[in-house]
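Residue 281 in full-length UniProt numbering sits at position 281 of the sequence shown, with consecutive numbering throughout.
For glycine and all other residues, C-beta sits at the position ideal for the given N, C-alpha and C.
In what follows, a structure is listed as structure tokens, so that the remarks can point back to it.
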Amino acid sequence: MAFEGLSERLQNTIQRMRGKGKISEADVKEMMREVRLALLEADVNFKVVKNFVKTVGERAIGQDVMSSLTPGQQVVKIVNEELTDLMGGEESKLTMSTQPPTVLMMVGLQGAGKTTTTGKLASLLRKKYNKKPLLVAADVYRPAAIQQLETLGKQLDMPVFSMGDQVSPVEIAKKAIEHAKAEHLDYVLIDTAGRLHVDEALMTELVEVKEIAKPDDILLVVDAMTGQDAVNVAQNFNETLELTGVVLTKLDGDTRGGAALSIRSVTGKPIKFVGMGEKLDALEPFHPDRMASRILG
Ligand code: GDP
Numbered sequence: 001m002a003f004e005g006l007s008e009r010l011q012n013t014i015q016r017m018r019g020k021g022k023i024s025e026a027d028v029k030e031m032m033r034e035v036r037l038a039l040l041e042a043d044v045n046f047k048v049v050k051n052f053v054k055t056v057g058e059r060a061i062g063q064d065v066m067s068s069l070t071p072g073q074q075v076v077k078i079v080n081e082e083l084t085d086l087m088g089g090e091e092s093k094l095t096m097s098t099q100p101p102t103v104l105m106m107v108g109l110q111g112a113g114k115t116t117t118t119g120k121l122a123s124l125l126r127k128k129y130n131k132k133p134l135l136v137a138a139d140v141y142r143p144a145a146i147q148q149l150e151t152l153g154k155q156l157d158m159p160v161f162s163m164g165d166q167v168s169p170v171e172i173a174k175k176a177i178e179h180a181k182a183e184h185l186d187y188v189l190i191d192t193a194g195r196l197h198v199d200e201a202l203m204t205e206l207v208e209v210k211e212i213a214k215p216d217d218i219l220l221v222v223d224a225m226t227g228q229d230a231v232n233v234a235q236n237f238n239e240t241l242e243l244t245g246v247v248l249t250k251l252d253g254d255t256r257g258g259a260a261l262s263i264r265s266v267t268g269k270p271i272k273f274v275g276m277g278e279k280l281d282a283l284e285p286f287h288p289d290r291m292a293s294r295i296l297g
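So, in structure tokens, the structure goes:
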């Protein structure tokens with residue numbers, strides 16, 4: 001279960017405050033020490049942890065004694081609010097172009113779940129908003145990637161635009177958008193190439209695709225299981241490409257939670273969706289408040 005360690009530790013800490021009529025400054029300090037440990041154990045970025053604990057601690061010490069909540073409940077409320085805030089506060093939706101098609105550029109390292117997420121997102125756009133998406137196979141370095149997207153297209157009964165692996169991704173993106181316009185399709189989802197590591201050639205090419213495609217959203221797909229690495233990857237991609245959002249995959253797995261809690265704060269970019277399984281309907285919009293409540297149990 002995702003976030004189990006974090007949830008358990010935070011709940012234990014909070015439990016100890018229950019039934020206390022009054023919370024002293026020393027109690028708050030003690031509690032913040034536990035919260036700090038819980039977050040560090042969950043692989044949350046240490047600077048993020050430091051700021052978080054400071055903010056919560058200050059608010060908890062200065063809390064309004066006239067409140068109808070018990071002191072313990074007040075601290076829980078503060079932790080909940082600050083966790084929500086840390087993850088971006090409100091749901092961050094996709095940008096929609098005033099003139100169709102809306103272009104989404106999907107980027108990420110190999111294995112993060114980029115191609116699967118591209119299919120899932122297209123499926124969600126059709127199901128929820130009745131939109132007509134086009135899937136674009138622009139990962140020309142891994143022939144299997146083109147095939148994978150074509151298979152996904154068949155499964156979803158959705159058009160896939162591909163030009164084989166001998167044409168540059170920039171050309172493919174350009175032609176795909178022209179095609180979508182001609183066919184009156186609403187969304188173009190470009191599945192770009194992933195590599196095992198962030199490298200300069202990959203980045204240069206992605207910048208070129210970005211310049212041609214002028215995407216309304218650039219979504220980085222990262223694997224939640226990789227923790228701090230996911231945050232570093234996000235920071236790297238964001239520096240060169242200026243992402244508009246992140247999709248955090250494999251949240252159905254045994255992830256400790258660090259990436260979910262750190263990405264927004266470290267990169268300034270919101271998590272827009274989370275992957276909750278291998279199936280094509282296992283993609284959900286990300287709600288920071290619901291995630292915070294889930295972590296606190
Ligand atoms: P890409 O190389 O980034 O395009 O990655 P793929 O889309 O091929 O996905 C790599 C693996 O991760 C596949 O086996 C997917 O089924 C799996 N995967 C993708 N998203 C999720 C998710 O949210 N949860 C789980 N459990 N598996 C996922």
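If you draw a straight line from the C-alpha of residue 7 to the C-alpha of residue 113, how long is it?
If you take the alpha carbons of residue 7 and residue 113, they lie about 26 Å apart.
Kindly examine ligand 1 and report whether one of its heavy atoms sits closer than 7 Å to the Cβ of residue 368.
For the chain, the structure presents residues 1 to 297; residue 368 sits outside this window and is missing.
Would you mind sorting residue 46 into buried or exposed? The rule is 16 or more other CB atoms within 10 Å of its CB.
exposed
Could you tell me which of 146, 135 and 9 sits nearest to residue 156, measuring between CA atoms?
135
Between residue 204 and residue 224, which are expected to be in contact by the criterion C-beta below 8 Å, what is the C-beta distance as a whole number of angstroms?
Rounded, the Cβ-Cβ distance is 28 Å, inconsistent with contact.
Ignore the nearest five residues each way along the sequence and tell me which others in residue 150's own chain have a CB closer than 8 Å to its CB.
137, 160 and 162
What is the DSSP secondary structure of residue 244, reduced to helix, strand or coil?
coil
Just mark residue 143 as buried or exposed, buried being the case when its beta carbon has 16 or more other beta carbons within 10 Å.
exposed
I'd like the span of the alpha helix (DSSP H) that includes residue 203, first residue to last.
Under the DSSP assignment, residue 203 falls in the alpha helix (DSSP H) whose first and last residues are 200-213.
Taking residue 30 as the reference, give the member of 174, 12, 290 and 43 with the closest Cα.
12
Let me know the beta strand (DSSP E) ranges lying completely inside the region 95-181, each 3 residues or longer, listed in chain order.
102-108 and 133-138
Can at least three beta-carbon pairs, one atom from the region 77-90 and one from the region 171-186, be found at a separation below 8 Å?
no
Would residue 245 and residue 270 qualify as a contact pair, given that the criterion is a beta-carbon distance under 8 Å?
yes
Relative to the C-alpha of residue 166, which candidate in 140, 98 and 102 has its C-alpha closest?
140
Please classify residue 96 as buried or exposed, where buried requires at least 16 neighbouring CB atoms within 10 angstroms.
exposed
Are the CB atoms of residue 253 and residue 42 nearer to each other than 8 Å?
no
Per DSSP, which residues does residue 285 bridge with? Please list them.
273
Using 7 Å as the cut-off, classify the Cβ of residue 250 as near or not near the heavy atoms of ligand 2, replying yes or no.
Although ligand 2 was asked about, the structure shown includes only ligand 1 as ligands.
What does a CB cutoff of less than 7 Å around residue 181 pick up in its chain, not counting 5 residues either side in sequence?
101
Figure out for me which residue from 179, 248 and 175 has the closest Cα to the Cα of residue 231.
Ranking 179, 248 and 175 by CA distance to the CA of residue 231 puts 248 first.
Consider the C-beta atom of residue 90 and the heavy atoms of ligand 1; say whether any pair is separated by less than 7 Å.
no
Count the other C-beta atoms from every protein chain shown that fall within 10 angstroms of the C-beta of residue 293, then say buried if there are 16 or more, exposed otherwise.
exposed
Per DSSP, what are the beta-bridge partners of residue 249 in this structure?
223
Starting from residue 189, trace the beta strand (DSSP E) in both directions and tell me its first and last residue.
Looking at the DSSP string, the run of the beta strand (DSSP E) that includes residue 189 is 187-192.
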